[in-house]
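Engineer: Per numbering that gives the first Met the number 0, the sequence shown starts with residue 0, numbered consecutively. Glycine included, every Cβ here is placed at the ideal spot set by N, Cα and C. Got a structure for you, questions after.
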Amino acid sequence: MSQTAGETTERTTERTATASDTPPDAERLRRWRMVLGADSADSTGRTLTGQDAAMDGALDALYGGGAGKKPNGRGTGGRSAGLGASAPSVARWLGDIRTYFPSSVVQVMQRDAIDRLGLSALLLEPEMLEAVEPDVHLVGTLLSLNKAMPETTKETARAVVRKVVEDLERRLESRTRATLTGALDRSARISRPRHRDIDWDRTIRANLKNYLTLPAPDAATTAGETGATPTGTVVPERLIGYGRSSRSAKKDIVLCVDQSGSMAASVVYASVFGAVFASMRTLSTRLVVFDTAVVDLTDQLDDPVDVLFGTQLGGGTDINRALAYCQSRITRPADTVVVLISDLYEGGIRDEMLKRVAAMKESGVQFVTLLALSDEGAPAYDHEHAAALGALGAPAFACTPDLFPDVMAAAIEKRPLPIPDKEYQP
0 MSQTAGETTE
10 RTTERTATAS
20 DTPPDAERLR
30 RWRMVLGADS
40 ADSTGRTLTG
50 QDAAMDGALD
60 ALYGGGAGKK
70 PNGRGTGGRS
80 AGLGASAPSV
90 ARWLGDIRTY
100 FPSSVVQVMQ
110 RDAIDRLGLS
120 ALLLEPEMLE
130 AVEPDVHLVG
140 TLLSLNKAMP
150 ETTKETARAV
160 VRKVVEDLER
170 RLESRTRATL
180 TGALDRSARI
190 SRPRHRDIDW
200 DRTIRANLKN
210 YLTLPAPDAA
220 TTAGETGATP
230 TGTVVPERLI
240 GYGRSSRSAK
250 KDIVLCVDQS
260 GSMAASVVYA
270 SVFGAVFASM
280 RTLSTRLVVF
290 DTAVVDLTDQ
300 LDDPVDVLFG
310 TQLGGGTDIN
320 RALAYCQSRI
330 TRPADTVVVL
340 ISDLYEGGIR
350 DEMLKRVAAM
360 KESGVQFVTL
370 LALSDEGAPA
380 YDHEHAAALG
390 ALGAPAFACT
400 PDLFPDVMAA
410 AIEKRPLPIP
420 DKEYQP
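What follows is the structure, encoded as structure tokens:
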């Protein structure tokens, strides 16, 4: 289904030439016909040919007349989409959309095909996985099918997941390391540094109030000079220095991640960030995932793919139990950051959950609540629980992967968190 650069250029030139030779009214009808789909053929009076017809067919197979057709081929009434549950037809369709549409559009269409037409079962076939465009949402679907996946498919699925994870690591690792390393260095500053450890920039800024203007030199006065620029000095009452490097961890990070079905993308991103944190010797990182049970995946953080296949998406939610486990593993409260990533639909004991958060914060723990760690926009969440956490000084908000390093840096330095959009605060 792939095309060469020459073929792509030739087709693009052909479409451009055709569009330029088409009368304006006819071109508008052609575009409306593409937008409205096959059902509009009679009203627009346009017949599509060539690549237009192929693109329209790929779209109509998924969106034509709604998604009434069930995977077993029986409809629910009305016209229905046309992929059904035929593996060969789906494979051809996957190839077609990768030919005609950019990668970002392909990923959306794949997700819609899985959701609208119930094609998840087809992802259990290796040849299907080899045809799809890997992305975070596909990884979430594969993880939800993990327990039902036959052995013949698992290696292919791991290869798909690894491709996505490696792409995310390339995109996120360098900035995360730089941001957190800076935050750790700043948080380790000391007030009685040795001369070689003095942070002169911060020391000068902190002591500007002690600036003294010095009188002009006698020699200049004697020579009758006028308008001489006064000189001055800063009296450094307080020295600020960098903390000396240490092989021991400066901060403990606990990622507590809800693995209910709606949190799939957050689980993927949290696993990647957990692996990055674990590779930094100045951080001690623990990764805990939960539904109604709690699983500690810290020992697998050297490989985020192993972490992801150790999760089990779906099931209920018991945040209180998960926080109880995390609380029991905290040994240095003042140097610990706990990040709860959950939509807060609690199935456990709500009051106990809030008491645990309050107790951790009172002991000195920096507590961060993320409703989602993804690029999916405003999430669905329990507003009452979010408001209760906000009242405890742990505001709940959604966070994109690109912003997460800044959130963690603020938590490490005990600064106000950079909440991205006040509109979504409870």
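With burial defined as no fewer than 16 other Cβ atoms inside 10 Å of the residue's Cβ, what is the status of Ser341: buried or exposed?
Structural biologist: Position 342 of the sequence shown, counted from the start, is the residue given in the question as residue 341. With 16 or more Cβ atoms within 10 Å of its Cβ, Ser341 is classed as buried.
Engineer: In terms of residue numbering, what span does the beta strand (DSSP E) encompassing Tyr344 cover?
Structural biologist: Locating residue 344 in the sequence shown gives position 345, where the first residue counts as 1. Note, Tyr344: premise wrong, no beta strand (DSSP E); not H, not E.
Engineer: Between the Cα of Ala292 and those of Phe272, Val275, Ser278 and Gln258, spot the shortest distance and give me the residue it belongs to.
Structural biologist: For the purposes of this step, residue 292 is taken as residue 293 along the sequence shown, with counting starting at 1. Measuring from the Cα of Ala292, the nearest candidate turns out to be Gln258.
Engineer: Under DSSP, the beta strand (DSSP E) around Ala371 begins and ends at which residues?
Structural biologist: One-based indexing of the sequence shown puts residue 371 at position 372. Gln365 to Leu372 is the extent of the beta strand (DSSP E) around Ala371.
Engineer: Give me whichever residues DSSP pairs with Leu307 in a beta bridge.
Structural biologist: To locate residue 307, count along the sequence shown from 1; it is residue 308. Beta-bridge pairing links Leu307 to no other residue.
Engineer: Per the contact definition of three or more C-beta pairs closer than 8 Å, is the region 280–292 in contact with the region 314–334?
Structural biologist: At 8 Å Cβ cutoff, the stretches touch.
Engineer: Give every residue of the same chain whose Cβ lies closer than 6 Å to the Cβ of Asp51, excluding the five residues on either side of it in the sequence, and list them in chain order.
Structural biologist: Within the sequence shown, residue 51 is the residue found at index 52, counting from 1. Taken in chain order, the list of residues that qualify is empty.
Engineer: Classify Ser283 as helix, strand or coil using the three-state DSSP reduction.
Structural biologist: On the sequence shown, position 284 is the one that residue 283 refers to. Three-state result, Ser283: strand.
Engineer: If you run the structure through DSSP and keep just helix, strand and coil, what is Gly314?
Structural biologist: The count along the sequence shown starts at 1 and reaches residue 314 at position 315. DSSP places Gly314 in coil when its eight states are reduced to three.
Engineer: If we ignore side chains and look at the alpha-carbon of each, how far apart do Leu312 and Ser119 end up?
Structural biologist: For this step, residue 312 is matched to residue 313 along the sequence shown. For this step, residue 119 is matched to residue 120 along the sequence shown. Leu312 and Ser119: Cα-Cα distance of roughly 14 Å.
Engineer: Would you kindly work out how many angstroms separate the C-alpha atoms of Thr310 and Tyr99, rounded to a whole number?
Structural biologist: Taking the first residue of the sequence shown as 1, we reach residue 310 at position 311. Taking the first residue of the sequence shown as 1, we reach residue 99 at position 100. In a straight line, the C-alpha of Thr310 is about 35 Å away from that of Tyr99.
Engineer: Give the straight-line distance between the Cα atoms of His382 and Leu28, rounded to the nearest whole angstrom.
Structural biologist: Within the sequence shown, the letter at position 383 stands for residue 382. Within the sequence shown, the letter at position 29 stands for residue 28. Distance between the alpha carbons of His382 and Leu28: 47 Å.
Engineer: Does DSSP put Ala377 in a helix, a strand or coil?
Structural biologist: The residue you call residue 377 lines up with position 378 of the sequence shown. The answer is coil: DSSP assigns Ala377 none of H, G, I, E or B.
Engineer: Confirm, please, whether the CB-CB distance from Gly346 to Ala263 is below 9 Å.
Structural biologist: By 1-based counting over the sequence shown, the position of residue 263 is 264. By 1-based counting over the sequence shown, the position of residue 346 is 347. No, the Cβ-Cβ distance between Ala263 and Gly346 is not below 9 Å.
Engineer: Return helix, strand or coil for Val131, following the three-state DSSP convention.
Structural biologist: Translated into positions along the sequence shown, residue 131 becomes position 132. In this structure, Val131 counts as coil in the three-state DSSP scheme.
Engineer: Would you mind working out which of Lys249, Gly376 and Val356 sits nearest Gly389, comparing C-alpha positions?
Structural biologist: Taking the first residue of the sequence shown as position 1, residue 389 is located at position 390. Nearest option by C-alpha distance: Val356.
Engineer: Give me the Cα-Cα distance between Val367 and Ala158, rounded to the nearest whole angstrom.
Structural biologist: Indexing the sequence shown from 1 puts residue 367 at position 368. Indexing the sequence shown from 1 puts residue 158 at position 159. Taking the straight line joining both Cα atoms gives about 33 Å.
Engineer: So, under 8 Å CB-CB, Ser265 and Leu372 are touching, yes? Tell me the CB distance rounded to an integer number of Å.
Structural biologist: In the sequence shown, counting from the first residue as 1, residue 265 sits at position 266. In the sequence shown, counting from the first residue as 1, residue 372 sits at position 373. About 4 Å; that satisfies the 8 Å criterion.
Engineer: Taking 9 Å as the CB-CB limit, is Glu132 close to chain D?
Structural biologist: Protein chains in the displayed structure number just one, and chain D is not present.
Engineer: I'd like to know whether the C-beta atoms of Val160 and Val304 end up nearer to each other than 9 Å.
Structural biologist: As a position in the sequence shown, residue 160 is number 161, starting the count at 1. As a position in the sequence shown, residue 304 is number 305, starting the count at 1. Going by C-beta atoms, Val160 is nearer than 9 Å to Val304.
Engineer: Which first and last residues belong to the beta strand (DSSP E) in which Asp200 is found?
Structural biologist: By 1-based counting over the sequence shown, the position of residue 200 is 201. Counting along the chain, Asp200 falls outside any beta strand (DSSP E), though it belongs to the alpha helix (DSSP H) covering Trp199 to Ala205.
Engineer: Just the Cα atoms here: how many angstroms apart are Thr48 and Val34?
Structural biologist: If you number the sequence shown from 1, residue 48 lands on position 49. If you number the sequence shown from 1, residue 34 lands on position 35. Roughly 15 Å separates the two Cα atoms.
Engineer: How would you label Ile252, buried or exposed, when you count the other beta carbons within 10 angstroms and need 16 or more for buried?
Structural biologist: For the purposes of this step, residue 252 is taken as residue 253 along the sequence shown, with counting starting at 1. By the neighbour-count rule (16 or more Cβ atoms within 10 Å), Ile252 is buried.
Engineer: Tyr210 bridges to which residues according to DSSP?
Structural biologist: The residue given as residue 210 occupies position 211 in the sequence shown. Partner(s): Val233.
Engineer: Ordered along the chain, which non-local residues of its own chain (more than five positions away) have a Cβ less than 6 Å from that of Ser245?
Structural biologist: As a position in the sequence shown, residue 245 is number 246, starting the count at 1. Caution is warranted here: a pLDDT of 47 is assigned to Ser245, below 50, making its placement in the model unreliable, and the coordinate value is therefore given only provisionally. Answer for Ser245: no residue qualifies.
Engineer: Give me, in chain order, the residues of the same chain whose beta-carbon lies closer than 8 Å to that of Arg185; leave out the 5 immediate sequence neighbours on both sides.
Structural biologist: As a working mapping, residue 185 is identified with position 186 in the sequence shown. For Arg185, where only same-chain residues beyond five positions count, the Cβ hits under 8 Å are Glu412.
Engineer: Let me make sure I understand the geometry here. Which of Val135, Gly315, Leu142 and Val337 has the alpha-carbon closest to that of Leu123?
Structural biologist: The residue given as residue 123 occupies position 124 in the sequence shown. When only C-alpha atoms are compared, the closest one is Leu142.
Engineer: One question on the structure: do Thr95 and Gly63 come within less than 9 Å of each other, judged by their Cβ atoms?
Structural biologist: Here residue 95 refers to the residue found at position 96 when the sequence shown is read from its first residue. Here residue 63 refers to the residue found at position 64 when the sequence shown is read from its first residue. Correcting the residue type first, residue 95 is Asp in the shown sequence and not Thr. No. Outside cutoff.
Engineer: By the 10 Å Cβ neighbour count, where 16 or more other Cβ atoms means buried, how is Pro133 classified, buried or exposed?
Structural biologist: Taking the first residue of the sequence shown as 1, we reach residue 133 at position 134. When all chains shown are included, Pro133 counts as buried.
Engineer: With Leu254 as the anchor, note down where its alpha helix (DSSP H) starts and where it stops.
Structural biologist: The residue you call residue 254 lines up with position 255 of the sequence shown. Where Leu254 is concerned, there is no enclosing alpha helix (DSSP H), although the beta strand (DSSP E) it sits in stretches over Lys250 to Asp257.
Engineer: What are the boundary residues of the beta strand (DSSP E) that includes Ala395?
Structural biologist: Taking the sequence shown and counting its residues from 1, the one referred to as residue 395 is at position 396. Residues Ala395 to Cys398.
Engineer: Check Phe100 in the structure and name its three-state DSSP category.
Structural biologist: Taking the sequence shown and counting its residues from 1, one reaches residue 100 at position 101. Correct three-state label for Phe100: coil.
Engineer: Quick check: Arg285 and Asp301, are their CB atoms within less than 9 Å of each other?
Structural biologist: What you label residue 285 is simply residue 286 of the sequence shown in a count that begins at 1. What you label residue 301 is simply residue 302 of the sequence shown in a count that begins at 1. Cβ atoms of Arg285 and Asp301: not closer than 9 Å.
Engineer: What residue range is occupied by the uninterrupted alpha helix (DSSP H) comprising Asp59?
Structural biologist: Here residue 59 refers to the residue found at position 60 of the sequence shown. Note, Asp59: alpha helix (DSSP H), Gly49 to Tyr62.
Engineer: When you compare the CB positions of Leu343 and Ala393, do they come within less than 9 Å of one another, or not?
Structural biologist: Looking up residue 343 in the sequence shown gives position 344. Looking up residue 393 in the sequence shown gives position 394. Not a contact, by the Cβ cut-off of 9 Å.
Engineer: Per DSSP, Asp334 forms a beta bridge with which residues?
Structural biologist: Your numbering for residue 334 matches position 335 in the sequence shown. Bridge partners of Asp334: none, in fact.
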